[in-house]
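Protein sequence lines, in the order shown, are assigned to chains A and B. Be aware that the first sequence starts at 68, since it is given in the working numbering, and climbs by one per residue. Be aware that the second sequence starts at 31, since it is given in the working numbering, and climbs by one per residue. Beta carbons: idealized from backbone N, C-alpha and C, even for Gly. Note sheet for the following structure.
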Amino acid sequence: MANTKLMGLFQEPEQVASAMTQLKDDGFPAEDLDVYSGSPFPEGSFGEHEPETRLYMFPLVGALVGFAIGLLWTAGTQISYPLVTGGKPLLSIPPMTIIMYENTMLGAIIFTVLGVLFESRLPRRKLGLYDERITEGYIGVIVDCPEDRAAKAESLLTGAGAEEIKRDEG
Amino acid sequence: MYHRRTLTDAQINRELLDVVFRTPMWWVAIVSVLGIIVAGAASAFGFMMNQGLGVTGLQQPIFWGFFITNFIFWVGISHAGVMISAILRLSQAEWRRPMVRAAETMTVFALTVSLLQPLIHAGRPWRIFYWVFPYDWARGIWPDVRSPLVWDPTAIITYLTSSTLFVYTALIPDLAVIRDRSTGWRRTVYGILSLGWHGNPRQWKLQGIAGILLSALILPVFVSVHSIVSWDFGVSLVPSWHTTVFAPYFVIGAVHSGVSAVVTLMIVMRKLYKLENFIWEEHIDAVARLLIVVATAWMFFFWLDIVFGLWLREEQEITVWQLRMFEPPWSWLFLAFIMFSYIIPVPLWLFRRVRRSFTWMLWTSLMVNVGMFLERLIIIVPALMRKGPWTFTFDTYRPSAVEVTIIVGSIALVALLLMLFSKFFPLIPLWEEKEGQKLIDEVKVGDRVIPALVKEH
Chain A
68 MANTKLMGLF
78 QEPEQVASAM
88 TQLKDDGFPA
98 EDLDVYSGSP
108 FPEGSFGEHE
118 PETRLYMFPL
128 VGALVGFAIG
138 LLWTAGTQIS
148 YPLVTGGKPL
158 LSIPPMTIIM
168 YENTMLGAII
178 FTVLGVLFES
188 RLPRRKLGLY
198 DERITEGYIG
208 VIVDCPEDRA
218 AKAESLLTGA
228 GAEEIKRDEG
Chain B
31 MYHRRTLTDA
41 QINRELLDVV
51 FRTPMWWVAI
61 VSVLGIIVAG
71 AASAFGFMMN
81 QGLGVTGLQQ
91 PIFWGFFITN
101 FIFWVGISHA
111 GVMISAILRL
121 SQAEWRRPMV
131 RAAETMTVFA
141 LTVSLLQPLI
151 HAGRPWRIFY
161 WVFPYDWARG
171 IWPDVRSPLV
181 WDPTAIITYL
191 TSSTLFVYTA
201 LIPDLAVIRD
211 RSTGWRRTVY
221 GILSLGWHGN
231 PRQWKLQGIA
241 GILLSALILP
251 VFVSVHSIVS
261 WDFGVSLVPS
271 WHTTVFAPYF
281 VIGAVHSGVS
291 AVVTLMIVMR
301 KLYKLENFIW
311 EEHIDAVARL
321 LIVVATAWMF
331 FFWLDIVFGL
341 WLREEQEITV
351 WQLRMFEPPW
361 SWLFLAFIMF
371 SYIIPVPLWL
381 FRRVRRSFTW
391 MLWTSLMVNV
401 GMFLERLIII
411 VPALMRKGPW
421 TFTFDTYRPS
431 AVEVTIIVGS
441 IALVALLLML
451 FSKFFPLIPL
461 WEEKEGQKLI
471 DEVKVGDRVI
481 PALVKEH
């Protein structure tokens with residue numbers, strides 16, 4: 068059976084917490100529920116399902132990539148155009164570390180931002196079920212459920228104080 | 031105790047997005063004036079490219095003048111932006127909320143303008159590509175990674191990219207707010223920029239982690255950038271430059287001038303954009319306390335620089351310091367620099383009334399930056415005058431009208447970029463303010479009502 072998405076719009080966080088509790092008590096899986104808000108609330112305010120992220124891996128990988136590029140750049144240019152100065156080794160380590168350090172940090176930062184976007188599931192081409200009032204202070208509770216459970220979800224959302232219910236058939 | 035007005039999300043949107051959705055006449059007037067000044071500076075630069083560097087005051091033996099001074103100055107200004115934002119985010123200081131975006135944005139624009147200065151100074155800016163990029167263009171010669179000419183752009187481009195990404199990441203939720211209030215092409219543009227942001231708990235959690243993680247990564251970059259800029263001087267053999275104290279001295283000087291610039295920016299923003307509900311006396315007071323510590327640390331390193339210079343009693347070093355401190359016009363500039371950077375402002379900041387006065391703080395913070403510009407000029411020019419035994423050329427440096435026009439234009443360019451930014455994006459993070467509003471509830475303890483948010487005090 069095709070799934071449908073419902074969004075209940077609430078004004079108060081307490082109503083949202085109550086709606087989430089009732090939905091979960093009624094057998095709606097936590098991973099099929101979501102909450103949209105215009106500003107952050109303390110983690111777990113609504114008893115929402117929050118999968119773990121692997122963001123911490125991204126800066127590490129980025130740092131390694133940046134370091135490798137830095138090493139390639141600094142060693143490669145010196146080897147390609149050898150300037151032997153005073154009989155010293157061709158590869159001059161102190162200035163190489165400056166550039167390798169900057170590249171390492173740059174790689175870590177770029178990969179962190181990419182990681183934030185990837186883990187946030189961004190970018191998205193379409194907004195889908197959404198309401199502009201969310202950025203005015205409303206809170207939206209999203210329920211992704213089979214068609215035959217939609218009526219139950221709607222009644223629970225309305226019962227918890229939803230001002231409006233929106234539906235996305237797609 | 032803070033007397034914060036309780037605002038709804040809709041009120042915060044309305045007040046902070048006022049200029050984004052409405053174009054006041056004062057904004058048009060200021061942008062026009064700044065645009066004319068920038069156009070004047072661009073013309074002066076065009077004239078200089080056409081005529082050559084002879085139209086500047088640079089001459090033997092002084093080949094670093096206003097442009098390099100301005101480069102150091104703007105790199106310095108750029109430092110406090112991300113530094114203040116990163117440290118306040120990491121320490122979860124509540125008073126960071128109204129100032130982080132403006133400080134970070136100022137970093138991006140100050141760095142952009144600082145990058146322009148060596149290009150202008152080169153006279154023929156396209157040649158810089160031969161020095162910097164690791165690509166064998168035509169001559170079979172690769173840029174030498176042992177040269178500071180390669181270190182500087184590497185460090186500054188790293189910092190600029192990082193700061194821009196830092197600003198953009200924190201801007202995404204606010205772009206969604208503008209998207210939701212826009213129509214037509216603006217909605218499309220902000221829709222693309224906000225990347226389809228919904229504001230679910232996962233996205234908010236990552237937004238919080240990103241703020242802390244990026245702050246932690248940018249802080250070491252910030253320290254490295256001005257250290258590397260200081261090594262432009264430190265690795266040379268010029269008397270008074272060849273010293274190990276330059277890296278921390280430059281970094282702390284950058285923080286001093288940069289935090290002062292943040293104070294100036296916040297006060298001007300508050301007045302122009304009517305942000306009285308968001309920027310209070312308590313915020314300026316908190317930054318002024320920080321400035322007292324930073325300025326005193328900077329003064330310590332300045333003192334160390336003098337001690338390091340004079341300790342070995344080398345004639346060349348002593349001559350440069352004599353020139354800086356006792357021979358006009360440098361002695362007058364030295365006096366102005368020390369008075370403006372420390373002796374006048376810091377004792378004033380010890381008074382609570384001064385710290386909480388927007389007028390006093392505006393003028394003292396501006397004064398610090400005049401002083402810090404003079405500091406960089408005094409570090410650079412007298413050291414290059416080669417005054418000493420067996421010197422055949424000994425002349426001073428007088429900046430020409432072309433250089434002065436370009437310097438004024440660089441200040442106008444930073445202001446213009448900030449004004450343009452404020453037309454399209456909020457200068458105070460909406461979501462941070464909204465989050466702060468949730469945390470201001472009061473708790474009754476016995477007969478006293480105290481704010482729930484203890485971190486603000």
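(Q) Please report whether the beta-carbon of Asn70 of chain A lies at a distance below 9 Å from any beta-carbon of chain B. (A) For the purposes of this step, residue 70 of chain A is identified with residue 3 of the first sequence, where counting begins at 1. Closer than 9 Å: no.
Q. Helix, strand or coil: which one does DSSP assign to Phe77 of chain A?
A. One-based indexing of the first sequence puts residue 77 of chain A at position 10. Residue state, collapsed to three classes: strand.
Q) Can you tell me where the alpha helix (DSSP H) with Leu342 of chain B in it begins and where it stops? A) Your numbering for residue 342 of chain B matches position 312 in the second sequence. That residue, Leu342 of chain B, is in no alpha helix (DSSP H); it is neither H nor E in DSSP.
Q | Simplified DSSP assignment, three categories, for Arg382 of chain B | A | Numbered from 1 along the second sequence, position 352 holds the residue referred to as residue 382 of chain B. In the structure shown, Arg382 of chain B sits in a helix (DSSP, three-state: H, G or I).
(Q) Closest to Thr99 of chain B by C-alpha separation, out of B:Ile410, B:Thr426 and B:Ser452, would be which residue? (A) As a first step, residue 99 of chain B is located in the second sequence; it is residue number 69 there, counting from the start. Looking at the Cα atoms, B:Ile410 is the closest of the given residues.
Q.
Less than 9 Å between the beta carbons of Ile158 of chain B and Ser287 of chain B, yes or no?
A. For the purposes of this step, residue 158 of chain B is taken as residue 128 along the second sequence, with counting starting at 1. For the purposes of this step, residue 287 of chain B is taken as residue 257 along the second sequence, with counting starting at 1. Against a cut-off of 9 Å, the Cβ pair of Ser287 of chain B and Ile158 of chain B comes out as no contact.
Q: Could you name each continuous beta strand (DSSP E) segment of 3 residues or more that falls completely within the segment 395-460 of chain B, going from the start of the chain to the end?
A: none
Q. For the beta strand (DSSP E) that Val210 of chain A lies in, which residues bound it at each end?
A. In the first sequence, counting from the first residue as 1, residue 210 of chain A sits at position 143. Where Val210 of chain A is concerned, the enclosing beta strand (DSSP E) stretches over Ile206 to Pro213.
**Q.** Euclidean distance between Cα positions of Met31 of chain B and Ala123 of chain B
**A.** Here residue 31 of chain B refers to the residue found at position 1 of the second sequence. Here residue 123 of chain B refers to the residue found at position 93 of the second sequence. Because Met31 of chain B sits at a pLDDT of 46, beneath the cut-off of 50, its placement in the model cannot be relied upon, and the point is left open.
Q: Identify the contact partners of Gly49 of chain B in chain A, using a Cβ-Cβ distance below 8 Å as the criterion.
A: Counting from 1 along the second sequence, the entry for residue 49 of chain B is found at position 19. In the sequence on display, residue 49 of chain B carries Val and not Gly. Going along chain A, no residue has its Cβ under 8 Å from Val49 of chain B, so there is no contact; the nearest lies around 18 Å.
Q. Listing by chain order, which chain A residues have their CB less than 9 Å from the CB of Arg176 of chain B?
A. Here residue 176 of chain B corresponds to residue number 146 of the second sequence, with the count starting at 1. Neighbours of Arg176 of chain B on chain A, chain order: Gln145, Leu150, Thr152, Ser159, Pro161, Pro162 and Met163.
(Q) Just to make sure I have the definition right: I need the residues of chain B whose C-beta is within less than 8 Å of the C-beta of Leu184 of chain A. Which are they? (A) Translated into the one-based positions of the first sequence, residue 184 of chain A becomes position 117. Neighbours of Leu184 of chain A on chain B, chain order: Leu225.
Q) Cβ of Thr202 of chain A less than 9 Å from any chain B Cβ? A) Taking the first sequence and counting its residues from 1, one reaches residue 202 of chain A at position 135. Yes, contact with chain B.
(Q) Could you check whether the Cβ of Asn307 of chain B sits closer than 9 Å to any Cβ belonging to chain A? (A) Position 277 of the second sequence, counting from 1, holds the residue named residue 307 of chain B. No, Asn307 of chain B lies away from the interface with chain A (no Cβ there is under 9 Å from its Cβ).
(Q) So the candidates are B:Ile248, B:Pro456, B:Ile67 and B:Met402; which of them puts its Cα closest to the Cα of Trp328 of chain B? (A) Here residue 328 of chain B corresponds to residue number 298 of the second sequence, with the count starting at 1. The shortest C-alpha separation from Trp328 of chain B is found at B:Met402.
Q: Go ahead and pull the three-state DSSP assignment for Glu231 of chain A.
A: Start at 1 with the first residue of the first sequence, and residue 231 of chain A comes out as number 164. Reduced to three states, the DSSP call for Glu231 of chain A is strand.
(Q) Within 9 Å of any Cβ in chain B, is that where the Cβ of Phe108 of chain A sits? (A) Position 41 of the first sequence holds residue 108 of chain A. Chain B contact via Cβ: present.
Q: List the residues of chain B that Pro126 of chain A touches, going by C-beta distances under 8 Å, in chain order.
A: Residue 126 of chain A sits at position 59 when you count from the first residue of the first sequence. Chain B residues near Pro126 of chain A: Leu243 and Leu247.
Q | Inter-stretch contact at 8 Å, needing at least 3 Cβ pairs: the segment 318-332 of chain B / the segment 378-389 of chain B | A | yes
Q.
Can you tell me whether Gln352 of chain B is helix, strand or coil according to DSSP?
A. Taking the second sequence and counting its residues from 1, one reaches residue 352 of chain B at position 322. Helix, per DSSP.
Q. Of all the CB atoms in chain B, is at least one closer than 9 Å to the CB of Pro190 of chain A?
A. As a working mapping, residue 190 of chain A is identified with position 123 in the first sequence. Yes, Pro190 of chain A counts as interfacial toward chain B.
Q: From the DSSP output, read off the bridge partner residues of Ile92 of chain B.
A: Residue 92 of chain B sits at position 62 when you count from the first residue of the second sequence. For Ile92 of chain B, which the question treats as bridged, DSSP gives the partners B:Gln89.
Q. Where does Tyr225 of chain A sit, in a helix, a strand or coil, going by DSSP?
A. In the first sequence, the residue the question calls residue 225 of chain A occupies position 158. Looking at the sequence provided, one finds Thr at residue 225 of chain A rather than Tyr. Helix at Thr225 of chain A.
Q: With a 10 Å radius around its C-beta and 16 neighbouring C-beta atoms as the bar for buried, classify Ala110 of chain B as buried or exposed.
A: As a position in the second sequence, residue 110 of chain B is number 80, starting the count at 1. Under this definition Ala110 of chain B is a buried residue.
Q) Out of B:Lys468, B:Glu463 and B:Leu469, which has the shortest C-alpha to C-alpha gap to Glu45 of chain B? A) Locating residue 45 of chain B in the second sequence gives position 15, where the first residue counts as 1. Minimum Cα distance to Glu45 of chain B is reached at B:Glu463.
Q) Taking only beta-carbon atoms, is Glu45 of chain B less than 9 Å away from chain A? A) Within the second sequence, residue 45 of chain B is the residue found at index 15, counting from 1. Glu45 of chain B does not count as touching chain A.
**Q.** Per DSSP, cross-strand counterpart(s) of Thr71 of chain A
**A.** The residue given as residue 71 of chain A occupies position 4 in the first sequence. Looking at the DSSP assignment, Thr71 of chain A forms a beta bridge with A:Cys212.
Q | Endpoints, beta strand (DSSP E) assigned at Val275 of chain B | A | Mapped onto the second sequence, residue 275 of chain B falls at position 245. Val275 of chain B -> no beta strand (DSSP E), and no H or E assigned at all.
Q) At what residue ranges does the segment 109-137 of chain A contain a whole run of the alpha helix (DSSP H), taking only runs of 4 or more? A) none
Q. For Asp101 of chain A, which of helix, strand or coil comes out of DSSP?
A. Locating residue 101 of chain A in the first sequence gives position 34, where the first residue counts as 1. Asp101 of chain A: strand per DSSP, three-state reduction.
Q) For the segment 251-271 of chain B, which residues have a CB atom closer than 7 Å to at least one CB atom of chain A, in sequence order? A) Val251, Ser254 and Ile258
Q: For Asp101 of chain A, return the contacting residues in chain B, with the cut-off set at a CB-CB distance below 9 Å.
A: Against the first sequence, residue 101 of chain A aligns to sequence position 34. The answer, in chain order, is His228, Asn230, Pro231 and Arg232.
**Q.** Beta carbon proximity, Tyr198 of chain B to chain A, threshold 9 Å
**A.** Taking the first residue of the second sequence as position 1, residue 198 of chain B is located at position 168. Chain A, which has a Cβ nearer than 9 Å to the Cβ of Tyr198 of chain B, makes this yes.
Q | Local conformation of Thr10 of chain B per DSSP, three classes | A | Absent from the structure is residue 10 of chain B, since the part of chain B shown begins at 31 and ends at 487.
Q) Does Ile177 of chain A have its Cβ less than 9 Å from a Cβ in chain B? A) Counting from one through the first sequence, the residue named residue 177 of chain A turns up at place 110. Output row for Ile177 of chain A: interface = yes.
Q.
Extract the residue ranges of the alpha helix (DSSP H) inside the segment 145-210 of chain B, only unbroken runs of 4 or more that lie entirely within it.
A. 158-162
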